[in-house]
């Protein structure tokens, strides 16, 4: 696909999420944040990192669109080129991606759990964090959206991390989703 149609698609998606004209493709701290990238090994990556090439092959693609609304934040995650018919966990994390899977930090939480790592369902839940779990189709594609009842203020998330498992919800494991397979830097 050529760059122009991709940017047009992003604009349409961003406008659909916000009901307003889209921001630039680089995102904005006060508007729509958009990341479109292809996964690459850490020594070659700039925006999207693969830490497990068997489950996220180099060249697989990711798009993240995050949009503030009046009292909420809407996030769309689209992937293709992943393992077909497989479930992945995905969440917004505190910091941008880096060479190591842990560089992205913990999950971004609106109300921060005083006990870290957070596994308390009162804090590790899809209303306090941005959860984007998905199952790919037979061609390795998926699109998922999430909406949380808050907007970013002084603390912003810096990435979306793809995990090996669906996100757990039970006490003592809430928010966990197995190893970090890949990461996309997003300017939320």
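Residue numbers (mature numbering (1 follows the signal peptide of the UniProt record, and there is no 0)): -25 to -1, 1 to 163.
Just so it is clear, CB atoms sit at the ideal spot from N, CA and C, and this is done for glycine as well.
No experiment lies behind these values; they were computed from the predicted model shown.
(request) Note down, in chain order, each residue of its chain lying with its Cβ closer than 6 Å to the Cβ of residue 39, except the 5 sequence neighbours on either side. (result) Here residue 39 is taken as the residue at index 64 of the chain shown, counted from 1. Result list for residue 39: 10, 52, 135, 159, 161, in chain order.
(request) Please work out which residues of its chain come closer than 7 Å, Cβ to Cβ, to residue 70, disregarding the five sequence neighbours upstream and downstream, and give them in chain order. (result) Your numbering for residue 70 matches position 95 in the chain shown. Contacts found: 78, 79, 80, 133, 134.
(request) With residue 68 as the anchor, note down where its beta strand (DSSP E) starts and where it stops. (result) For this step, residue 68 is matched to residue 93 along the chain shown. In the DSSP assignment, residue 68 falls within the unbroken beta strand (DSSP E) covering 62 to 68.
(request) Report yes or no: do three or more beta-carbon pairs, one from the segment 121 to 128 and one from the segment 41 to 49, lie closer than 8 Å? (result) Contact between the segment 121 to 128 and the segment 41 to 49 is present, because at least three Cβ pairs lie under 8 Å.
(request) Output the distance between the C-alpha atoms of residue 6 and residue 143, rounded to the nearest integer angstrom. (result) As a position in the chain shown, residue 6 is number 31, starting the count at 1. As a position in the chain shown, residue 143 is number 168, starting the count at 1. Rounded to the nearest angstrom, the two C-alpha atoms are 31 Å apart.
(request) Taking only the alpha-carbon atoms, compute the straight-line gap between residue 137 and residue 91 and give it to the nearest angstrom. (result) Numbered from its first residue, the chain shown carries residue 137 at position 162. Numbered from its first residue, the chain shown carries residue 91 at position 116. If I take the Cα positions, the gap works out to 20 Å.
(request) Measure the Cβ-Cβ separation of residue 60 and residue 85 and say whether it is below 7 Å. (result) Translated into the one-based positions of the chain shown, residue 60 becomes position 85. Translated into the one-based positions of the chain shown, residue 85 becomes position 110. No.
(request) Kindly indicate which three-state DSSP category residue 144 falls into: helix, strand or coil? (result) Counting from 1 along the chain shown, the entry for residue 144 is found at position 169. The three-state reading of DSSP puts residue 144 in coil, since its state is none of H, G, I, E or B.
(request) Just tell me which of 76, 68, 73, 74 has its CA closest to the CA of residue 87. (result) Position 112 of the chain shown, counting from 1, holds the residue named residue 87. When only C-alpha atoms are compared, the closest one is 68.
(request) Check whether the Cβ atoms of residue 57 and residue 110 lie closer than 7 Å to each other. (result) Residue mapping note: residue 57 aligns to position 82 of the chain shown, counting from 1. Residue mapping note: residue 110 aligns to position 135 of the chain shown, counting from 1. No, these two residues do not count as a Cβ contact at 7 Å.
(message) Suppose contacts are defined by Cβ-Cβ distances below 7 Å. Is residue 13 in contact with residue 36 by that definition?
(response) Locating residue 13 in the chain shown gives position 38, counting from the first residue. Locating residue 36 in the chain shown gives position 61, counting from the first residue. Contact: yes.
(message) If I follow the unbroken beta strand (DSSP E) through residue 6, where does it start and stop?
(response) Within the chain shown, numbered from 1, the residue matching residue 6 stands at position 31. Note, residue 6: premise wrong, no beta strand (DSSP E); not H, not E.
(message) Determine whether the beta carbon atoms of residue 108 and residue 141 lie at a separation below 7 Å.
(response) If you number the chain shown from 1, residue 108 lands on position 133. If you number the chain shown from 1, residue 141 lands on position 166. Going by C-beta atoms, residue 108 is nearer than 7 Å to residue 141.
(message) Using C-beta distances below 8 Å, list every residue in its chain close to residue 146, excluding the 5 sequence neighbours before and after it, in chain order.
(response) The residue labelled residue 146 in the question sits at position 171 within the chain shown. Same-chain partners within the cutoff: 94, 95, 96.
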